[in-house]
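Numbering of the sequence shown is given in numbering that gives the first Met the number 0, commencing with residue 0 and proceeding in unit increments.
Glycine residues also receive a C-beta, built at the ideal position from the N, C-alpha and C atoms.
Working notes, beginning with the structure itself.
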Amino acid sequence: MSKYLAKIIATDQEGLQVISACSSGAKVKVSDIKYLASNKVFLLSIERIKVENENEDKKVNSICRFDFVDKVRSKNIDQSNEELTLELIGIDYLKNNNDYEINLIFSNNAHIALTTETIEARLEDQSEIE
Numbered sequence: 000m001s002k003y004l005a006k007i008i009a010t011d012q013e014g015l016q017v018i019s020a021c022s023s024g025a026k027v028k029v030s031d032i033k034y035l036a037s038n039k040v041f042l043l044s045i046e047r048i049k050v051e052n053e054n055e056d057k058k059v060n061s062i063c064r065f066d067f068v069d070k071v072r073s074k075n076i077d078q079s080n081e082e083l084t085l086e087l088i089g090i091d092y093l094k095n096n097n098d099y100e101i102n103l104i105f106s107n108n109a110h111i112a113l114t115t116e117t118i119e120a121r122l123e124d125q126s127e128i129e
């Protein structure tokens, strides 16, 4: 089954749009969002539907990873509620002088902004959900 597991690496707007499209509608638990400041790595563990395949109903656990992240800000997310499940709507970014601001947009007007010096994102499937 592993041939269905995707690995997408994005270093530009186009790649980010692909990751955004693949993760649209993904479910993310607050406890599965981590920022490793010393490594400048931001990780999301998501449960997504494999939109890039024909099987609409196939779900998979994936890791969405962003590197070179200097700062993370979140809005309208109750971080103390670890069981809270967010729905990822999409990912976009703004160029801001020498930095990028990558925005993870969730339902209910929640979002997370990542300040990063370069776009380096990857979406890696871990396992299929039966």
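The continuous alpha helix (DSSP H) containing G14 extends over residues Q12 to S22. For Y92, the enclosing beta strand (DSSP E) stretches over residues T84 to N95. D124 is classed as buried because its beta carbon has at least 16 other beta carbons within 10 Å across all chains shown.
Of K74, N96, C21 and T114, the smallest CA-CA separation from A5 is found for C21. Within the same chain, and ignoring the five residues on either side of T10 in sequence, the residues whose Cβ sits closer than 7 Å to its Cβ are I118 and E119.
DSSP places E129 outside any beta strand (DSSP E), giving it a letter other than H or E. Nearest to L83 by C-alpha distance, out of C63, S106, L113 and D56, is S106. Less than 8 Å separates the beta-carbon of I128 from that of V59.
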